[in-house]
Structure formats: structure tokens, C-alpha cells
Amino acid sequence: MRVTVDGVEVEAASGQTVAAVLLRLGRVSWRTTREAGRPRGIFCGIGVCHDCLVVVNGVPDVRACQRLVGDGDDVRTQHGAELPS
Amino acid sequence: MMRVVVIGAGPAGMAAAHAAAGAGVPVLLIDSEAKLGGQYHRQSATDGTEKFALPDGVEYWAESVVWAIEPIAGGHRVHVSTGPADGPGRVSRSVNTAALVLATGAHDRALPFPGWDLPGVVTAGAAQALAKGQGVAIGQRVLLSGTGPFLLPVAASLVDVGARVEAVLEANTVLTGWLRPGEESATTEPRRGGRHTARALAERDTTSRQPGKLADWSRQLSGAVTSPGKAAELAGYLGLLARQRIPYRSRQAVIAAHGDDRVEAATVAKLDVNWRVVPGSQRDVEVDAVCVGFGFTPQLELATAVGCAVADGFVTVDISQATSVAGVFAAGELTGIGGAVLSEHEGTVAGTAAAIALGARVKRPSKALRHIRTGRRFAAAMAAAYPVRSGWQSWLSDDTLVCRCEEVSCRELRSAVDEHRADGVRAVKLVSRAGLGRCQGRICGRNVAELAGLPEPGSAFARRPIAVPIRLAELAEADSPQAKPAELADSPETDSREGTA
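Chains as they are written, first to last, in UniProt numbering: chain V, 1 to 85; chain G, 1 to 501.
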């Protein structure tokens with residue numbers, strides 16, 4: 001399947017998490033914090049810490065470590081607190 | 001017939017489902033992952049296979065999160081959301097039961113240190129889940145730091161996916177946790193399996209760069225290991241460390257991570273018995289990932305929500321795994337950190353007891369009960385051997401974040417306690433904002449409670465009426481008992497509907 005990451009189309013496999021797709025691309029962070037704008041990526045890896053938030057298909061606050069990719073998903077970096085588009 | 005509802009499909013939950021189904025009672029098994037196994041038996045998510053089979057009579061809801069449980073007459077109503085994580089369009093359902101088994105497991109405890117919020121610093125469990133579930137290495141040059149034998153399988157998983165593990169740093173003393181209490185020397189006779197394992201290890205010694213150390217450990221093992229299974233598992237990991245030339249160091253930890261937008265180096269230091277840094281022992285190591293694991297924190301929110309009694313941070317259970325709340329049973333790491341085997345036996349007992357609560361007539365699971373007794377002794381020895389010592393608090397600088405979600409620094413937390421006189425969990429949260437973010441204190445709660453000197457640090461932050469974040473639209477669509485009082489007997493078993501945005 002193919003997904004879009006920050007506007008670039010990439011290959012992904014069924015069962016992959018969004019985090020795994022991003023890490024395989026060499027990305028370690030895909031969110032900035034609300035206050036200090038610091039980069040964040042995966043931390044707990046099992047859905048507990050909510051650090052790895054990402055925007056999927058216009059919906060922010062999706063945990064990249066929990067969300068499995070779907071064909072055609074549009075994944076992009078989350079900047080601070082975002083509202084659904 | 002009424003169903004037993006089991007929450008969590010790790011070792012404890014799967015065993016509970018098997019036991020209840022084996023007693024002839026239908027079961028609903030609910031789990032947030034796409035595949036069975038939980039964290040311990042995590043399967044590859046991408047290879048299209050399923051390692052576990054569930055017996056007839058078990059309905060399984062995958063990718064389903066329980067976001068609330070509430071009491072109704074004669075039992076509990078469990079609110080479930082099924083579908084892609086955190087997405088709109090999930091299906092909301094609720095199910096009523098008079099026999100609920102909680103097997104929600106635990107997650108790694110991470111201690112804060114300067115730079116722990118840099119990308120590339122992750123929990124040991126994250127590295128493990130990525131390696132086992134997704135075939136991804138969190139880094140190419142990795143340091144593992146923490147306490148307890150769980151660090152060893154994580155090192156093995158990292159090696160499997162091609163990462164170079166620079167060292168495994170054990171803040172306590174390596175291996176004593178595999179000993180029985182009071183048997184810390186090689187003076188006692190070998191137990192079953194012990195001597196063989198020790199000899200095998202000693203032979204490996206000759207190829208190791210650290211012959212002295214391995215030989216010492218072997219001697220400890222020979223007198224001390226409690227079970228052949230544990231000895232073999234340990235020998236396997238130590239063999240791997242030796243073959244891969246991975247140092248396994250006592251009384252050391254990563255006390256700082258450095259980098260601009262990701263971790264590029266870490267400071268490793270020697271620790272004294274209380275985990276304070278030995279002056280002058282710091283050295284910097286170039287790495288692209290640091291994995292930390294300081295024991296485990298049980299996922300208490302559902303147990304707390306239904307009112308289960310908690311002591312020392314774990315759910316209190318009786319011999320049948322019954323909690324203090326009628327019709328609610330708990331098994332696995334929720335009741336004490338004891339590993340997969342103990343969890344399985346507890347699950348068997350909990351599932352059997354839950355079936356009996358629904359009227360099943362079945363023999364008492366005496367084998368599982370026996371294993372639980374020995375398993376808990378081993379778990380107690382482990383807990384004693386791998387404590388978290390308070391010296392970690394001295395690793396923090398004023399600017400170190402203690403709450404990652406709300407970006408609360410150590411200085412701000414101290415100011416809340418010392419200058420604003422915040423006492424009690426609520427005041428500390430409201431004044432400092434620590435624990436108010438999206439993780440709801442799951443990561444920082446225990447650390448904040450200890451830094452602020454709060455009572456019951458293990459469960460101080462566990463009260464979370466909504467157990468996982470859900471979208472407002474889903475909440476609006478869910479059943480509300482206030483609006484529609486429910487009776488166990490006359491309510492529908494499930495109530496499905498599509499969530500929209």
C-alpha cells in the first residue's frame with residue numbers, strides 16, 4: 001500500500017504502525033510540543049505516553065505507535081496543539 | 001448465559017479466557033492490539049500469521065479499548081470503542097457482565113534525567129515492541145539502562161533487528177534478582193538445572209572478554225536459581241551478551257542524554273548503593289538511542305474506576321484472584337510484577353473463579369494455585385533485588401522535565417510544593433500542571449509523587465474516570481447510565497453504533 005508522509009508518497013505494509021513507517025524513513029520525531037516547540041517521537045511505544053502524536057487524514061492527536069496504516073493515509077507532522085481540519 | 005468479560009489479551013487475559021471457556025461459560029475477550037499476546041508475547045504485526053488460538057465459546061474483540069467501566073445493578077457495564085486507534089469512525093459498544101476479569105498489564109517505568117525528552121530516548125518496552133512487532137530497530141548504537149532482568153530480552157530483540165547494543169546498564173547489581181532470598185552466595189547446593197547451566201556458562205566464559213565476571217555469575221547461579229526454566233532463559237541471554245561482546249554492568253546508569261533535536265550522546269555514570277552518582281565516574285558515549293526501563297507500573301485505571309482496593313500500588317486480590325469489588329477479578333501484573341508465567345497461572349485462577357461466579361461447576365485449579373504460591377515468592381525476591389532507589393532524584397537538574405506532556409520542569413514542581421505549599425495529589429497537579437496532560441500522569445505520576453513526597457506514590461495518580469482519551473463525539477454517542485438507568489438482567493448485551501467524527 002502507499003501512504004503520504006508530509007506530502008511525499010511512500011510504500012507501507014499492512015500491519016505496520018504509523019510509527020514504524022516513520023522510523024523506517026529515518027524520522028525520529030514527528031511532533032512539536034505545545035509550549036516549547038520541542039521535537040518528540042516515540043517514547044513508550046505501547047500507547048501509554050501520548051508523546052508520538054501525529055496528524056492522520058486531517059485528524060490530530062493520533063498515537064503513531066498504535067495506529068495501523070491504511071492504504072492512502074495522509075500522515076503529517078503535528079505542530080503543537082492542532083484542531084481537526 | 002451471561003458472559004465472563006476479560007479485558008486484556010496478554011498471558012493473564014488469554015489464560016483467563018481459556019479457563020472460563022473450559023468451564024463452559026461464554027467469554028468476551030477485549031484487547032487494544034490487533035493481535036493476541038499482549039506485550040510479553042507480542043507477535044509480528046506484518047507477517048499475516050496468528051500464533052495463538054482461542055477455544056470455542058470465546059468472542060474476541062481486537063483493536064478495542066475499554067474507556068470506562070461503571071457499576072450497574074448486579075454487575076458492571078463496560079464501554080468499548082473498536083477501530084483504528086484514535087481515529088473517528090470507531091464503533092462504540094457497551095457490554096454488561098456480572099463477572100469481569102481485569103488483565104490490563106503494566107508498562108515500563110521511566111525515570112527522568114536531563115535530556116530524557118529528546119527523540120531517540122525511549123522505554124525498553126518501546127524498543128522491544130518496535131523490534132518484535134514491527135521489525136524496526138530504534139537505533140543503530142543503543143544503550144540500555146535501568147533495572148531488572150527485562151533489560152536482557154530487550155537487548156536480544158535489539159540484536160535481532162540489527163542494532164548494536166553498546167552496553168546493558170543495571171542500576172542495581174546484576175543477577176542477584178535470580179537468586180532466592182537469603183541465598184546470595186555460592187554456598188548452597190545446586191538446585192535442579194543449576195549446575196548444568198553454570199557449567200555451560202563457565203565454558204562460554206573462555207570466549208568472553210569478561211571471563212571473570214561471567215564466572216562469578218555462574219557461581220552465583222549454581223547455588224541459586226529457582227527454576228530450570230529461568231536458568232535456561234538467563235543462560236541464553238548471557239550467552240548472547242557474551243557472543244555479541246555486549247558489556248552488562250552493575251551499578252551504572254544513563255544519567256543524561258545530549259543532542260539538539262535527537263539524542264547523539266549519553267552520559268553514563270557509576271552509582272552508589274542508593275543510586276547517587278559516584279563523583280568523577282561520568283563518561284560520554286556516542287549513541288543514537290537510549291532505552292530505559294526501571295521496572296513496571298501497573299495499568300490501574302480500570303481497577304481504580306470500579307473501586308478495587310489497591311495496596312502498595314497493586315490491586316489487592318484474594319486466593320481466587322477476586323478483588324475487593326464483587327464480581328471483579330484481577331490477574332497478571334496488575335496484582336504485582338511477576339512475569340508471564342505467574343500471570344498465566346493467575347489468569348487461569350481468575351477465569352475459573354469468574355466462571356464459578358456465573359454458576360459454573362468446576363474443579364478448583366489446584367495446579368495453578370500451587371504455581372502462584374511459588375511464583376509470588378520469586379516475584380517478591382525479584383522486587384527486593386531490583387528496587388528503584390531514591391538517588392535517581394539527584395540526576396535531575398532544575399530544567400529537567402518531570403512531566404513530558406505539560407512540559408513541567410523539576411524547578412516548577414519544586415516551586416509548587418515548596419513555595420505554593422501544594423500538598424496532596426490534586427493541589428500538586430493543579431499548581432504545577434504535572435500529570436494533567438494527555439498521558440494523565442501514567443508516565444510521570446509515580447515520579448512526581450515521589451519528588452513531591454506524596455503518600456501512596458504507586459497509586460496517587462491512578463484515578464482516571466475516563467480510562468483512555470476518546471473523542472467528544474464518541475462520548476456524546478455512548479450510553480449514559482444517568483440518562484438511562486441500566487439493569488443487568490434486562491439490558492441488551494451489546495449496543496453498537498457508528499461513531500462519526
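For glycine and all other residues, C-beta sits at the position ideal for the given N, C-alpha and C. Since the structure is predicted, the reported quantities are computational estimates derived from the model, not experimental observations.
Three-state secondary structure assigned by DSSP to residue i
{"i": "Met1 (chain V)", "result": "coil"}
{"i": "Gln134 (chain G)", "result": "helix"}
{"i": "Tyr40 (chain G)", "result": "coil"}
{"i": "Arg77 (chain G)", "result": "strand"}
{"i": "Glu233 (chain G)", "result": "helix"}
{"i": "Ala452 (chain G)", "result": "coil"}
{"i": "Gly83 (chain G)", "result": "coil"}
{"i": "Leu436 (chain G)", "result": "coil"}
{"i": "Val48 (chain V)", "result": "coil"}
{"i": "Trp67 (chain G)", "result": "strand"}
{"i": "Gln78 (chain V)", "result": "strand"}
{"i": "Val174 (chain G)", "result": "coil"}
{"i": "Gly15 (chain V)", "result": "coil"}
{"i": "Gln252 (chain G)", "result": "strand"}
{"i": "Arg446 (chain G)", "result": "helix"}
{"i": "Gly293 (chain G)", "result": "strand"}
{"i": "Val310 (chain G)", "result": "strand"}
{"i": "Leu179 (chain G)", "result": "Its pLDDT being 44, under 50, Leu179 (chain G) is placed unreliably by the model, and the measurement read from it follows with that caveat. Here Leu179 (chain G) sits in coil by DSSP."}
{"i": "Thr32 (chain V)", "result": "strand"}
{"i": "Ala460 (chain G)", "result": "coil"}
{"i": "Ala330 (chain G)", "result": "strand"}
Residues near residue i in its chain [Cβ-Cβ closer than 6 angstroms; skip 5 each side]
{"i": "Thr267 (chain G)", "result": "Ile255, Ala256, Gln282, Asp284"}
{"i": "Asp71 (chain V)", "result": "Met1"}
{"i": "Arg276 (chain G)", "result": "Gly391, Ser394"}
{"i": "Pro485 (chain G)", "result": "Its pLDDT being 43, under 50, Pro485 (chain G) is placed unreliably in this model, and the coordinates cannot settle the point."}
{"i": "Phe329 (chain G)", "result": "Val101, Gln321, Ala322, Ala350, Ala353, Ala354"}
{"i": "Lys213 (chain G)", "result": "Its pLDDT being 45, under 50, Lys213 (chain G) is placed unreliably in this model, and the coordinates cannot settle the point."}
{"i": "Gly133 (chain G)", "result": "Arg42, Ala45"}
{"i": "Ala12 (chain V)", "result": "Met1, Val3, Val21, Val69"}
{"i": "Leu53 (chain V)", "result": "Arg31, Asp61, Gln78"}
Boundaries (first-last residue) of the beta strand (DSSP E) holding residue i
{"i": "Ala265 (chain G)", "result": "265-270"}
{"i": "Leu53 (chain V)", "result": "53-56"}
{"i": "Thr297 (chain G)", "result": "296-298"}
{"i": "Glu59 (chain G)", "result": "58-61"}
{"i": "Glu406 (chain G)", "result": "That residue, Glu406 (chain G), is in no beta strand (DSSP E); it is neither H nor E in DSSP."}
Residue range of the unbroken alpha helix (DSSP H) whose run includes residue i
{"i": "Leu158 (chain G)", "result": "151-160"}
{"i": "Asp418 (chain G)", "result": "410-418"}
{"i": "Thr46 (chain G)", "result": "Taken as a continuous stretch (DSSP letters only), Thr46 (chain G) belongs to no alpha helix (DSSP H), as it is neither H nor E."}
{"i": "Thr352 (chain G)", "result": "340-357"}
{"i": "Glu11 (chain V)", "result": "That residue, Glu11 (chain V), is in no alpha helix (DSSP H); its beta strand (DSSP E) goes 8-11."}
{"i": "Phe378 (chain G)", "result": "366-385"}
{"i": "residue 520 (chain G)", "result": "Chain G is shown only over 1 to 501; residue 520 (chain G) falls outside these bounds and no answer can be derived."}
{"i": "Arg24 (chain V)", "result": "18-24"}
{"i": "Leu472 (chain G)", "result": "472-477"}
{"i": "Leu396 (chain G)", "result": "Counting along the chain, Leu396 (chain G) falls outside any alpha helix (DSSP H), and DSSP gives it neither H nor E."}
{"i": "Ala303 (chain G)", "result": "301-305"}
Any non-hydrogen atom of the ligand ZN within 7 angstroms of residue i CB
{"i": "Gly75 (chain G)", "result": "With respect to the ligand ZN, the structure shown offers nothing to examine, as it has no ligands at all."}
Neighbourhood of residue i by C-beta distance below 7 angstroms, restricted to the same chain and skipping five residues each side
{"i": "residue 508 (chain G)", "result": "The first residue shown for chain G is 1 and the last is 501, placing residue 508 (chain G) beyond what the model contains."}
{"i": "Ala81 (chain V)", "result": "Arg34"}
{"i": "Ala434 (chain G)", "result": "Val402, Cys403, Glu406, Val408, Leu413, Val428, Cys444, Val448"}
{"i": "Asp398 (chain G)", "result": "Ser409, Cys410, Arg411"}
Residues of its chain near residue i, where Cβ-Cβ distance is below 8 angstroms and the 5 sequence neighbours each way are ignored
{"i": "Pro481 (chain G)", "result": "Unreliable placement is indicated for Pro481 (chain G), whose pLDDT of 47 sits below 50; the coordinate value is still reported in the next sentence. Closer than 8 angstroms at Cβ, skipping near neighbours: Glu70, Ile72, Arg77."}
{"i": "Leu83 (chain V)", "result": "Pro60"}
Tell me, please, whether the segment 310-323 of chain G touches the segment 395-404 of chain G by the rule of three or more beta-carbon pairs shorter than 8 angstroms. No, the segment 310-323 of chain G is not in contact with the segment 395-404 of chain G.
Tell me the start and end of each unbroken alpha helix (DSSP H) in the segment 86-146 of chain G that is at least 4 residues and wholly inside, in chain order. Within the segment 86-146 of chain G, complete alpha helix (DSSP H) segments of at least 4 residues are found at 124-134, given in chain order.
Assess contact between the segment 368-376 of chain G and the segment 418-437 of chain G, defined as three or more Cβ pairs (one per stretch) separated by less than 8 angstroms. Is contact present? Note that the segment 368-376 of chain G does not touch the segment 418-437 of chain G; fewer than 3 beta-carbon pairs, one per stretch, sit closer than 8 angstroms.
The segment 59-79 of chain V touching the segment 13-27 of chain V, judged by at least three CB pairs closer than 8 angstroms: Taking 8 angstroms as the limit for Cβ pairs, the verdict is that the segment 13-27 of chain V does touch the segment 59-79 of chain V.
Taking three-plus beta-carbon pairs below 8 angstroms as touching, is the segment 316-335 of chain G in contact with the segment 90-106 of chain G? The segment 316-335 of chain G is in contact with the segment 90-106 of chain G.
Spell out a yes or no on whether the segment 457-475 of chain G and the segment 61-68 of chain G are touching, meaning 3 or more CB-CB pairs, one atom from each, closer than 8 angstroms. Contact holds between the segment 457-475 of chain G and the segment 61-68 of chain G, because three or more Cβ pairs, one in each stretch, are under 8 angstroms apart.
Can you find at least 3 beta carbon pairs, one from the segment 89-97 of chain G and one from the segment 38-47 of chain G, that sit closer than 8 angstroms? No, the segment 89-97 of chain G is not in contact with the segment 38-47 of chain G.
Okay, do the segment 14-31 of chain G and the segment 347-355 of chain G touch, 3+ Cβ pairs below 8 angstroms being the bar? These segments touch.
Within the chosen definition, does the segment 374-385 of chain G reach the segment 235-243 of chain G through at least 3 CB pairs nearer than 8 angstroms? With the cut-off at 8 angstroms, the segment 374-385 of chain G and the segment 235-243 of chain G do not touch.
Report yes or no: do three or more beta-carbon pairs, one from the segment 454-469 of chain G and one from the segment 53-64 of chain G, lie closer than 8 angstroms? The segment 454-469 of chain G, when compared against the segment 53-64 of chain G, does not touch it at the 8 angstroms Cβ threshold.
Can at least three beta-carbon pairs, one atom from the segment 1-14 of chain G and one from the segment 113-128 of chain G, be found at a separation below 8 angstroms? Taking 8 angstroms as the limit for Cβ pairs, the verdict is that the segment 113-128 of chain G does not touch the segment 1-14 of chain G.
Do the segment 161-177 of chain G and the segment 70-77 of chain G touch if we need at least three Cβ pairs shorter than 8 angstroms? No: the two stretches stay apart, fewer than three of their Cβ pairs being nearer than 8 angstroms.
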